[in-house]
Amino acid sequence: MLAGKKATPITVNEPDADLPELFAVAEEVAERLARNWHQTTPLAEVQSVLEDRPILPAEIDSTLLRDCAARIGETDADLQSVRKHLRKCFWDTIDTLA
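So for the sequence shown, the working numbering puts the first residue at 344; every next one is plus one.
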């Protein structure tokens with residue numbers, strides 16, 4: 344509370360109608376990056392990243408976000424639900440490869 348007033352929560356309205364399409368693109372981006380990264384990265388480095396899960400290294404995270412933004416638009420890639428789905432799909436793909 345500030346000066347006797349309760350803080351008003353801020354909500355972000357996400358376009359529910361577009362989410363399935365945005366999620367589908369996010370899945371494609373995450374799967375492609377995960378497969379490429381897994382194939383080109385030494386096993387010791389892969390293991391190190393897996394140990395820090397669910398935290399993604401900044402390089403991987405920024406590449407995911409940048410590639411997704413390039414496909415669906417920067418504004419849509421900023422939606423928290425899309426970001427979470429993108430990261431989840433990356434880890435899901437790594438799980439199938441590891």
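C-beta: ideal position from N, C-alpha, C; glycine also.
On a predicted model such as this, the values are computed, not experimentally measured, just so you know.
Exercise. Does DSSP classify residue 436 as helix, strand or coil?
Worked result: If you number the sequence shown from 1, residue 436 lands on position 93. Three-state DSSP puts residue 436 in a helix.
- Hey, residue 400 and residue 389: beta-carbon distance below 8 Å or not? Within the sequence shown, the letter at position 57 stands for residue 400. Within the sequence shown, the letter at position 46 stands for residue 389. With respect to the 8 Å criterion, residue 400 and residue 389 are not classified as neighbours on the basis of their beta carbons.
Do residue 436 and residue 373 come within 8 Å of each other at the CB atom, strictly closer than that value? Position 30 of the sequence shown, counted from the start, is the residue given in the question as residue 373. Position 93 of the sequence shown, counted from the start, is the residue given in the question as residue 436. Against a cut-off of 8 Å, the Cβ pair of residue 436 and residue 373 comes out as a contact.
Just reading off the alpha helix (DSSP H) that residue 403 is part of, what are its end residues?
-> Here residue 403 refers to the residue found at position 60 of the sequence shown. Per DSSP, residue 403 belongs to the alpha helix (DSSP H) from 401 to 415.
(request) Using three-state DSSP, classify residue 396 as helix, strand or coil. (result) On the sequence shown, residue 396 is found 53 positions in, with the first residue counted as 1. Three-state DSSP puts residue 396 in coil, outside helix and strand.
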